[in-house]
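Asks: Here it is, the structure, as structure tokens.
Number of protein chains: 4
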Amino acid sequence: MSINTFGHLFRVTTWGESHGPGLGATVDGCPPGVAIDEGAIQHWLDRRRPGQNRYTTQRREADAVRILSGVFEGRTTGTPVQLMIDNTDQRSKDYGDIRDKFRPGHADITYWQKYGHRDYRGGGRSSARETAARVAAGGLARAALNMLAPEIAIQGYLVQIGPHGIDRGRFDAEEIERNPFWCPDAQAAAQWGGYLDGLRKSGNSAGAAIEVVARGVPAGLGAPVYGKLDTDLAAAMMSINAVKGVEIGEGMAAAALTGEDNADEIFMGNDGQPVYSSNHAGGILGGISTGQEIVVRFAVKPTSSILRPRRTITRSGEAAEIVTRGRHDPCVGIRAVPVGEAMMACVILDHLLLHRAQMGGGVGHTPGRIG
Amino acid sequence: MSINTFGHLFRVTTWGESHGPGLGATVDGCPPGVAIDEGAIQHWLDRRRPGQNRYTTQRREADAVRILSGVFEGRTTGTPVQLMIDNTDQRSKDYGDIRDKFRPGHADITYWQKYGHRDYRGGGRSSARETAARVAAGGLARAALNMLAPEIAIQGYLVQIGPHGIDRGRFDAEEIERNPFWCPDAQAAAQWGGYLDGLRKSGNSAGAAIEVVARGVPAGLGAPVYGKLDTDLAAAMMSINAVKGVEIGEGMAAAALTGEDNADEIFMGNDGQPVYSSNHAGGILGGISTGQEIVVRFAVKPTSSILRPRRTITRSGEAAEIVTRGRHDPCVGIRAVPVGEAMMACVILDHLLLHRAQMGGGVGHTPGRIG
Amino acid sequence: MSINTFGHLFRVTTWGESHGPGLGATVDGCPPGVAIDEGAIQHWLDRRRPGQNRYTTQRREADAVRILSGVFEGRTTGTPVQLMIDNTDQRSKDYGDIRDKFRPGHADITYWQKYGHRDYRGGGRSSARETAARVAAGGLARAALNMLAPEIAIQGYLVQIGPHGIDRGRFDAEEIERNPFWCPDAQAAAQWGGYLDGLRKSGNSAGAAIEVVARGVPAGLGAPVYGKLDTDLAAAMMSINAVKGVEIGEGMAAAALTGEDNADEIFMGNDGQPVYSSNHAGGILGGISTGQEIVVRFAVKPTSSILRPRRTITRSGEAAEIVTRGRHDPCVGIRAVPVGEAMMACVILDHLLLHRAQMGGGVGHTPGRIG
Amino acid sequence: MSINTFGHLFRVTTWGESHGPGLGATVDGCPPGVAIDEGAIQHWLDRRRPGQNRYTTQRREADAVRILSGVFEGRTTGTPVQLMIDNTDQRSKDYGDIRDKFRPGHADITYWQKYGHRDYRGGGRSSARETAARVAAGGLARAALNMLAPEIAIQGYLVQIGPHGIDRGRFDAEEIERNPFWCPDAQAAAQWGGYLDGLRKSGNSAGAAIEVVARGVPAGLGAPVYGKLDTDLAAAMMSINAVKGVEIGEGMAAAALTGEDNADEIFMGNDGQPVYSSNHAGGILGGISTGQEIVVRFAVKPTSSILRPRRTITRSGEAAEIVTRGRHDPCVGIRAVPVGEAMMACVILDHLLLHRAQMGGGVGHTPGRIG
């Protein structure tokens with residue numbers, strides 16, 4: 551069954567194909583009174599926009615968002631917000647050769663098998679272009695968070711491209727906005743540039759790992775057992791195109807630790823709030839936020855559209871070879887940073903609303919006092 | 551908000567605490583006519599049951615399941631199935647010392663902060679005992695799959711305990727049922743035994759990584775964009791207690807690959823179905839199954855209940871030290887194998903039902919023919 | 551698809567058949583800290599209990615409820631509450647004759663056609679016995695309302711049995727608890743007694759209309775467009791066995807009014823809150839509560855199990871005649887009163903939680919001030 | 551919480567205000583391969599379009615629908631279908647006087663109280679204009695039904711305007727399309743014309759009752775207990791603006807019947823399918839369709855926007871009088887006919903999909919054979 555909605559209370563339904571008239575997000579459940587306009591959402595879309603440097607696709611979409619409903623006199627009304635982005639640079643003919651041949655690593659073959667009818671132009675619904683709608687919705691979520699919990703800050707960055715990871719010892723938050731890779735390690739950024747140039751020239755592509763951190767999230771968000779904060783974050787990130795793994799805090803590396811090493815010991819902070827000796831948990835215990843940084847990481851596979859010939863079959867079952875021309879990102883992971891941030895914003899907001907449904911009070915109201 | 555349900559159509563709601571009268575799963579949406587009895591579900595519960603060897607908790611629960619509704623004359627009726635397991639070996643007094651001190655790595659502190667009132671006996675709702683209800687529901691899901699798609703086989707096994715991974719070159723499926731670790735590599739199993747004995751004696755614990763594979767899943771299950779098969783699998787696995795990372799196919803390692811290496815090339819098989827040169831995708835493209843093996847991996851953090859003293863605070867905010875006595879698994883990852891299998895069974899069944907809702911026809915009916 | 555859950559945030563899943571081991575309600579989403587014990591829920595169940603007078607079925611069920619989870623030290627913990635009622639007086643043999651013959655007006659034939667397999671004992675899942683689980687859940691909802699909004703009072707009563715309606719001029723709320731019909735008009739109650747005695751002796755049965763009123767509900771509950779308060783009330787009441795019509799305020803009679811007559815004019819009350827000249831709207835405008843009484847009415851068809859012979863067919867398609875012996879209510883509408891109250895309590899609570907999710911603040915917090 | 555979605559699998563989310571840029575329906579879960587284009591949907595919208603005769607509002611909206619996604623080469627792809635209708639005749643200034651005064655019978659006051667911020671232009675989100683989006687979605691549902699179950703026919707008509715009901719003895723289905731009231735009784739239609747002319751001249755309005763019938767619906771659709779077909783129909787109809795009552799089959803009149811009278815006796819038909827002596831049940835037993843006609847009725851209150859002065863208050867709490875000028879339907883019930891049909895189509899389709907999810911097989915596949 552087609553299920554294009556995520557969120558429990560702040561519910562985002564995305565729609566649209568890469569080469570139709572447009573795409574968008576129907577956002578239901580936003581609190582009223584949130585100050586928002588198209589410019590505020592455009593700010594986030596521009597970060598995801600392609601064609602800004604040589605490491606992302608040269609497709610040039612304005613990606614201009616329009617707010618079609620749910621906002622009146624500059625503030626949300628509490629009714630559904632329709633965010634629409636027109637498709638303007640489609641060049642359908644570029645994609646004519648993929649009508650009959652299934653591109654390896656793409657959803658061409660599974661869409662065909664499942665539905666028996668698919669919009670083959672540029673991947674149709676499976677195109678990464680769908681993530682623009684998520685970023686737009688995330689922009690609204692950020693505005694709502696700004697009203698409800700302005701102390702929350704969300705930031706994403708790359709921690710790995712291909713085999714090259716950052717050195718955490720050189721982590722510099724200021725650096726993230728200074729290079730085309732949202733890389734917190736200037737030295738790694740330089741290395742990545744050379745690595746990607748080489749791949750691009752040879753018609754190849756690279757995977758990446760992205761980390762998204764949310765600071766200032768109050769303790770108490772999330773809930774047992776299936777509505778855990780980490781469950782929803784895992785689903786949110788895994789739903790992004792090309793993502794193959796999701797980690798919270800220590801992630802897969804937790805398997806290698808001992809219980810003694812993994813325990814985040816607890817102390818009382820000077821402000822009467824608990825503090826922890828470490829954050830192996832990634833800010834979540836038992837599905838509920840601890841008040842520490844929420845830390846999520848996800849891996850994006852290398853772009854499947856490459857210029858290196860790959861063997862495949864046609865719709866009629868004949869063996870073929872395919873070279874995917876067109877304008878593709880040598881590393882889709884780069885533009886996944888604003889997408890991951892958007893998903894984090896949506897999930898955190900959703901859980902803030904769920905929390906106040908059950909617990910009442912203001913944001914971050916938790917009845918269990920310590921001390 | 552408390553959200554203890556998972557699944558779209560095959561919906562499982564688990565309930566119960568570790569030290570209350572019992573726990574269970576309310577399962578709605580099962581097709582009628584599925585042959586099932588308590589013995590068939592008990593089979594799977596027995597695999598998860600503690601106290602079977604020295605590597606799992608010595609708590610001795612019979613974990614006997616009762617079917618209270620939805621089954622008549624040995625077959626499901628299509629109405630809700632209530633699966634209940636009584637708690638029989640509770641020893642509440644063992645847990646008295648955790649009433650006031652928050653155990654590091656546990657949900658004690660977050661439950662307290664969120665709710666201001668918690669069942670502190672043995673973790674209450676956050677206890678891994680909750681997973682027994684999932685295994686029971688998974689037993690029903692397996693029976694339904696057996697009726698609808700008997701070619702599907704689901705198997706889980708450990709691939710890592712602590713820093714020690716298996717050698718894939720020695721992978722032997724037969725070995726999995728022969729050692730206490732569900733380990734497909736006899737040599738690794740021997741190593742793990744020694745490693746865990748050492749940890750147990752020193753009052754420490756270890757993490758683990760589990761892989762769950764589903765074979766025989768037809769192409770076409772899953773859907774864009776938020777109801778992807780991998781999205782639901784990620785959520786299902788991340789919702790299990792102590793899980794910190796989830797991977798599909800290549801997982802986090804996909805970040806390090808090039809597009810050329812990562813492409814699973816496509817060929818026509820002898821039976822007229824597509825075959826692939828490799829399975830980096832883990833059997834899922836664009837959120838939809840390819841017909842290859844579905845491969846999921848997840849990491850379980852080391853048991854947080856250890857005999858090594860850890861620093862913490864009390865409910866009144868005073869510094870304290872805690873040693874968690876009681877009967878705990880030195881590696882909860884071991885018993886997570888049947889839990890992961892159960893979640894896989896539930897998700898696959900759910901998607902089979904979703905698929906036939908949208909596409910009609912029998913299981914695995916996909917209108918898009920190749921060749 | 552089997553869908554046995556209602557509610558958005560306060561979610562009730564009922565399970566169980568009339569002649570299995572028991573039935574119950576799995577209630578998820580209740581706020582923590584609600585004072586509750588089995589006695590408090592039993593209070594409401596006892597009002598629905600059969601066998602209390604000659605106008606209800608002589609089946610004698612203790613209908614003793616047990617709380618199996620989600621409550622600790624006398625208060626809810628915020629995790630799922632399992633409410634279970636054992637079946638104790640089943641007499642399966644009474645129902646043997648309905649195994650093969652479909653009872654007109656019952657779900658026997660549709661369950662058979664849909665599922666091909668049904669628990670035919672006493673109606674199985676379609677038995678009105680299922681409503682006991684709703685009443686139990688409603689008892690918990692009332693306790694939660696009592697904590698969150700103690701000014702809310704919910705009361706149901708019969709306004710019609712067979713062709714005999716009450717005279718609104720004789721409405722006396724005190725009278726409701728004094729007669730076996732929850733009838734606010736003593737004269738009508740007397741008439742109903744005679745009418746039902748006659749029907750019972752002749753092996754016949756009667757329909758009824760029930761009105762349920764909620765007082766003290768703050769303005770602002772509900773929402774456009776599908777989550778309207780009246781939408782959810784209509785669904786809640788129509789989901790009760792044997793209900794064939796639901797009305798809000800003026801109900802079906804609204805068709806006959808003019809706009810001038812139907813307008814509830816608005817004034818400022820002495821307490822600075824709006825007051826209305828009338829309540830044709832039943833306390834709901836645009837799906838949102840006005841602060842007036844919420845007024846819902848529903849009609850229950852006459853008991854289909856009657857001693858008068860009716861023509862039907864058997865499972866093998868042969869013509870037959872059926873007389874439904876056993877212990878049946880001559881008017882199921884009587885026992886529908888506590889059920890309707892329970893559904894009202896659940897829906898109001900659910901919307902209180904939804905409202906504070908979106909709007910924050912305490913119960914009844916509405917940002918739009920008048921005056 | 552704002553909840554603008556209905557449907558379990560065929561899910562319709564409507565968005566938009568009466569005086570914003572446009573409104574629409576985001577439809578998720580449609581099967582692929584459904585032949586559809588804008589003209590096919592426009593056909594149904596044109597039936598609802600205002601300004602077609604003197605009994606409906608003179609607002610002249612083209613109500614031209616555009617399909618923005620989910621359809622490729624004339625057929626649905628199985629991904630979300632975005633149906634958008636631009637607002638073209640808004641005349642915002644007409645509505646300036648309702649910014650501060652709350653119109654009795656409208657949602658003005660409740661939206662204000664709930665949200666503290668509302669789009670007051672023409673009712674904003676609470677405008678009956680929202681129903682255009684439902685009719686568009688219903689057009690798609692009809693196309694899907696036409697593919698899956700072409701024997702299903704859905705038809706609505708008015709059975710009452712003001713105090714004047716039709717005479718069922720004069721029921722003539724052919725007549726429905728011949729008069730401006732979708733009235734199956736030519737004599738009643740004539741009477742209604744005169745009645746409405748009188749009301750319109752005096753600045754007043756009338757209520758109405760609409761009946762919607764679905765023929766050819768196979769037995770077996772629907773399910774216990776909260777996903778009953780009648781539950782979903784009641785919710786669907788009650789969610790339409792101005793609806794105050796919903797009836798299935800006998801409806802509220804069921805209260806007045808005896809069990810003997812109400813029993814729809816069962817026989818075997820010549821085609822080996824059960825037939826019934828009557829249809830008091832409205833085609834639904836135990837929440838599941840019987841194969842008879844599905845019969846739903848609902849009452850629409852009189853248009854609240856009238857030229858007769860009514861007393862009200864302003865936002866600042868001062869007493870006021872209001873006359874609602876502008877272009878309003880003297881009887882909104884007339885245009886509710888296509889809306890009711892649309893909701894019926896959506897609900898039936900949704901239950902067809904649910905049914906085949908659980909039962910498999912083709913549409914109407916029910917495993918329980920009779921005879």
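Chains as they are written, first to last, in my numbering: chain W, 551 to 921; chain X, 551 to 921; chain C, 551 to 921; chain V, 551 to 921.
All residues carry an ideal CB built from backbone N, CA and C; glycine is no exception.
Just so it is clear, the structure is predicted and the values come from calculations on it, not from any experiment.
With a threshold of 7 Å between beta carbons, is C:V796 in contact with chain D?
Replies: Among the chains of the structure shown, chain D does not appear; the protein chains present are W, X, C and V.
Asks: Consult DSSP for V:E797 and reduce its assignment to one of helix, strand or coil.
Replies: In the three-state scheme derived from DSSP, where H, G and I count as helix and E and B as strand, V:E797 is classed as strand.
Asks: In three-state terms, what does DSSP make of V:T781?
Replies: V:T781 falls in the helix class under three-state DSSP.
Asks: Can you tell which of W:D650, W:L559 and W:D596 has the C-alpha that lies nearest to the C-alpha of W:E868?
Replies: W:D650
Asks: Whether or not the region 779 to 792 of chain C and the region 772 to 787 of chain V are in contact is what I'm after, with contact meaning three or more pairs of Cβ atoms, one per stretch, closer than 8 Å; do they touch?
Replies: yes
Asks: Would you say V:Q506 lies against chain C (beta-carbon separation less than 7 Å)?
Replies: This structure cannot speak to residue 506 of chain V, because chain V is shown only from 551 to 921.
Asks: Classify C:H667 as helix, strand or coil using the three-state DSSP reduction.
Replies: coil
Asks: For a contact meaning CB atoms closer than 7 Å, what does V:L771 contact in chain X?
Replies: Going along chain X, no residue has its Cβ under 7 Å from V:L771, so there is no contact; the nearest lies around 13 Å.
Asks: Helix, strand or coil, according to DSSP, for V:G839 in the structure here?
Replies: Inspection of the sequence shows that residue 839 of chain V is occupied by Ser rather than by Gly. In the structure shown, V:S839 sits in a strand (DSSP, three-state: E or B).
Asks: Within 6 Å: the Cβ of V:D900 and any heavy atom of the ligand SAH?
Replies: Looking at this structure, you won't find the ligand SAH or any other ligand, since it has none at all.
Asks: Can you confirm whether C:F556, when its beta carbon is compared against all beta carbons of chain X, has any partner nearer than 7 Å?
Replies: No, no contact with chain X.
Asks: Taking only the alpha-carbon atoms, compute the straight-line gap between W:R599 and V:P571 and give it to the nearest angstrom.
Replies: W:R599 and V:P571: Cα-Cα distance of roughly 25 Å.
Asks: Taking C-alpha atoms, which residue in W:A703, W:I872 and W:I884 lies nearest to W:A792?
Replies: W:I884
Asks: Measure the alpha-carbon distance for W:M634 versus X:G766 and round it to whole angstroms.
Replies: 40 Å
Asks: Roughly how many angstroms separate the alpha carbons of V:G744 and V:N754, rounded to a whole number?
Replies: 13 Å
Asks: Indicate whether W:K664 and X:S789 have their beta-carbon atoms separated by less than 7 Å.
Replies: no
Asks: W:R598 by DSSP, collapsed to three states: which one?
Replies: helix
Asks: Note down, in chain order, each residue of its chain lying with its Cβ closer than 7 Å to the Cβ of V:R675, except the 5 sequence neighbours on either side.
Replies: E567 and D669
Asks: Output yes if chain V places a C-beta closer than 7 Å to the C-beta of W:T629; else output no.
Replies: yes
Asks: Using a Cβ cut-off of 8 Å, pull out every chain V residue sitting near C:R675, in sequence order please.
Replies: P774 and V775
Asks: For W:T681, which of helix, strand or coil comes out of DSSP?
Replies: helix
Asks: If the criterion is Cβ atoms closer than 7 Å, does the pair X:Y707 and X:W742 meet it?
Replies: no
Asks: Could you round the C-beta distance between W:A849 and W:G757 to whole angstroms and report it? I think they count as a contact, below 8 Å.
Replies: 6 Å
Asks: In this structure, what does DSSP give as the bridge partners for X:P571?
Replies: In the DSSP output, where bridge partners are listed per residue, X:P571 has none listed.
Asks: For a quick check, are the C-beta atoms of C:C535 and C:I711 less than 7 Å apart?
Replies: Shown here, chain C extends from 551 to 921; a query on residue 535 of chain C therefore has no answer.
Asks: With burial defined as no fewer than 16 other Cβ atoms inside 10 Å of the residue's Cβ, what is the status of C:D658: buried or exposed?
Replies: buried
Asks: Per the contact definition of three or more C-beta pairs closer than 8 Å, is the region 673 to 690 of chain C in contact with the region 892 to 899 of chain C?
Replies: The region 892 to 899 of chain C vs the region 673 to 690 of chain C: in contact.
Asks: Can you tell which of W:A585, W:V584 and W:A614 has the C-alpha that lies nearest to the C-alpha of W:Q592?
Replies: W:A614
Asks: Are the region 900 to 914 of chain C and the region 905 to 921 of chain W touching, with three or more C-beta to C-beta distances below 8 Å?
Replies: yes
Asks: Here's the rule I'm using: 16 or more other beta-carbon atoms within 10 Å means buried, otherwise exposed. How should W:D722 be labelled?
Replies: Counting Cβ neighbours within 10 Å, W:D722 comes out exposed, since fewer than 16 surround it.
Asks: Residues in the same chain with beta-carbon distance under 8 Å from C:D780, minus the five sequence neighbours each way, listed in chain order, please.
Replies: Once the five neighbours on either side are set aside, the close Cβ partners of C:D780 are G772, I798, G832, I834 and G837.
Asks: Whole angstroms are fine: how far does the CA of X:S552 sit from the CA of C:D596?
Replies: 29 Å
Asks: Write down the C-beta distance between C:D814 and C:S827 rounded to the nearest angstrom, noting that I regard them as a contact closer than 8 Å.
Replies: 6 Å
Asks: Which residues, in chain order, does the region 572 to 591 of chain W contribute to contact with chain X at a C-beta distance below 9 Å?
Replies: none
Asks: Below 7 Å between beta carbons: does that hold for X:T563 and C:T576?
Replies: yes
Asks: Could you tell me whether the Cβ of X:M893 comes closer than 7 Å to any Cβ of chain W?
Replies: no
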